[in-house]
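A quick write-up on the structure given underneath.
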Amino acid sequence: MNKSFSVVTTLLLLLCLTLAVVVVVDRVNGQLSTVRAFLSDSDLNNLLTRESPLFAKEIEAQKIPDMQLKEHVSIIGDVDISITGITISNVALGNLKVLMTSPNQVSLTDNNAQITISLNWAYRQENWPHSSGSGTAVCSTNTVSMTVTILMQLDVNSGKPQFQLTANTIDLGNLNINISGGGGWILNLLQNLFASQIKSSVQTGVESAISSAVARVNNNIQAANMMPVLNMTLGANNFKLQVDYRVSELTVLNNAFLAVGTRATFYDPNKGISPLPFGHVTLPNQPPSQIDDLIDAYVTDFVINSMLYGLYSSNQMQTIITPDMIPNYSPIQLNTTSLKNLIPQLYNAYPNKQVQLYLYSNAASNANLWPNIKISQLNGGMISAYFYGNIEFQVLTGSGSTANAFILSLVANATLDNPKLIVSGGSKLNFTAQIVNPQFSVSVAQSWIGPVNLANLQQIIQLTLIDVYLPILNKDLASGIQLIDLSSLLPGFNLVNPNLLLQNGYMVMGVDGYYSPSLMFRQQTGKNVEKDVKESSAAADKIIAKLKKTISIQ
């Protein structure tokens, strides 16, 4: 039995899920934390209880190797015994429970679980007259107990946790054995084998599967890149940023909560990990009382601000408003003819030419002024956004070339209305909001066509950026910015009921979840399980039986 044991694997991956949801937790090497997340033993136990039938099916799918034994029987000599076709069925988890012990220990225990073991047996006498026989046997018990204790360790330099097994014991308890096809000495021999070698083989097999599950998770963590360069998208815009995911805390609080954090701060990919010129609020060190989900977390506005600063410092915060983006009904079109009355100098310099607006913010043109957000609990909670940048009016002169007419300095602010977390596809957690109440001011930074009327320029900005481009940006935001995708980390794990509350300088986030075989089927096949109930049910059952093969960190 060399494949992962599903219940323990799930427990470990839920711990890793908590790692994936959070971002930085406490002071590590002088660095303040930005997020703290909590996984409670009570919520985890509720999940295990709710999903115990699924775990039972996974245990039934465990493969027990055949056994070839040699036993000495006083009346006939040595006998070769073959035990084949060992199967597990009728599994019912008794009192599966997670216990947390401060500062860094998690235990999984079970008592009075039920299991049935079926097998085929055959024997052949080694000496003449080589008598032989065969039959079947069924063994059942409702006294199975399990104790698995995991010690969590963390190297704060590499930011990689490791899980060490300090206890790993499976005891089948008292066996009720029913043997058919034999009697006399073979019956006594098989009963003794069940109580000793066969029982021990099953126990050792499950224990080995648990050890393999822990080793697999540890190996995947060690192989993981904790400071990757990520490709990110928002609508049609593509970005590339480095993010620091190193774990900074992994500890048990009050014998009831697992507190986890990583250093997930965004950086300019060209500069790598380096100090940022701003900080954040100090987070509470106890779980939130406002919400109670499977995983709860505090997230400071530092996380988003580090992403904005990374885009700003790497000159990736830019977009172009093109003439075809302006609807026909707009009173202003992006061409010098339409703009003639507002900017006559532009038409005089470039008659009958199209114009595009190049909007950007970077360190070269806006030193020490980068876009940022601020989270507060005013008015029931609000997120304020601030932008500092430039707008270049570029004339399309033909053959793909442009000429700058003038550059405006832009200072803008707005509110992110109705911020919330949404679930997409069952496994993706997204952040969404709408930009409302935009306000801005502009000034002329440079002009190649002479003086221009500032009031007229403000009217153009209102009609192009605010009335036209803002709805496009809000449409992109409505679909959400992906925070996490569990489809590879926990196949079939369905996220539900996300919560989001705003406080001064940070957000309180929460999300619940459960296992969904139909979701796992859709993730692995691309088909909708509801379209054909009979076919989908059979396929889902098949996938459930193979769940232990599919749960891995990728």
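Residues -20 to -1, 1 to 534 in mature numbering (1 follows the signal peptide of the UniProt record, and there is no 0) are what the sequence shown spells out, letter by letter.
The beta carbon of each residue, even a glycine, is placed where N, CA and C say it ideally should be.
Note that this is a predicted model, so its numbers are computed, not measured.
Per DSSP, V283 is not a residue of any beta strand (DSSP E); the alpha helix (DSSP H) it occupies stretches across 282 to 293. Going by beta carbons, Y340 and G380 fall outside the 8 Å limit.
For K179, no beta strand (DSSP E) run applies; the uninterrupted alpha helix (DSSP H) run containing it begins and ends at 179 to 203, by DSSP. The beta carbon of I66 is closer than 6 Å to those of I44, L99 in its chain, skipping five residues each way along the sequence.
Within the region 318 to 366, the runs of alpha helix (DSSP H) at least 4 residues long that lie entirely inside it are, in chain order, 324 to 329. If you draw a straight line from the Cα of I39 to the Cα of G57, it comes to about 38 Å. The C-alpha of L88 is placed about 10 Å away from the C-alpha of L28. Pairwise C-beta distances place the region 46 to 62 out of contact with the region 198 to 209, as fewer than three of them are shorter than 8 Å. The C-beta of S138 has fewer than 16 other C-beta atoms within 10 Å across all chains shown, which makes the residue exposed. If you draw a straight line from the Cα of L34 to the Cα of F473, it is about 12 Å long. DSSP places P451 in the helix class (H, G or I) of the three-state scheme. Note on geometry: alpha-carbon atoms of N308 and G460 lie some 29 Å from one another.
In this structure Q144 is exposed. Its beta-carbon is surrounded by fewer than 16 other beta-carbon atoms within 10 angstroms.
In this structure H110 is exposed. Its beta-carbon is surrounded by fewer than 16 other beta-carbon atoms within 10 angstroms.
In this structure, the beta-carbon distance from G290 to L349 does not fall below 8 Å. According to DSSP, residue pairing for P141 in a beta bridge involves L134.
Rounded to the nearest angstrom, the gap between the Cα atoms of G485 and N70 is 52 Å. P257 and A189 have their C-alpha atoms roughly 48 Å apart. Note on geometry: alpha-carbon atoms of D492 and L409 lie some 11 Å from one another. For N285, same chain residues with a beta-carbon under 7 Å away, outside a window of 5 residues either side, are F258, N352, I353 in chain order.
In the DSSP assignment, E40 falls within the alpha helix (DSSP H) that extends over 32 to 40.
If you draw a straight line from the Cα of N218 to the Cα of L463, it comes to about 16 Å. DSSP places W101 inside the beta strand (DSSP E), whose first and last residues are 85 to 105.
Residue state for S22 is assigned as helix, using DSSP reduced to three classes. DSSP places S176 in the helix class (H, G or I) of the three-state scheme. Straight across, the Cα-Cα distance linking Y449 with S192 is about 53 Å. V416 is positioned such that its CB atom lies closer than 8 Å to that of T395.
Going by C-alpha positions, A239 is about 5 Å away from F18. Annotation for I441: the continuous alpha helix (DSSP H) segment containing it runs 434 to 441.
The bridge partners DSSP lists for R16 are Y278.
Cβ-Cβ separation between A244 and D224: approximately 6 Å, consistent with a contact (criterion under 8 Å).
L337 and I371 do touch by the CB rule: their CB atoms are close to 6 Å apart, below 8 Å. In the DSSP assignment, N308 is bridged to no other residue. Take F367, set aside five residues on each side of it, and the residues of its chain with a beta-carbon closer than 6 Å to its own are P351, A392, in chain order. Taking C-beta separations shorter than 6 Å and ignoring five residues to either side along the sequence, the partners of T149 in its chain run T127, following chain order.
For T123, the closest alpha carbon among the candidates N156, Q133, R226 is that of N156.
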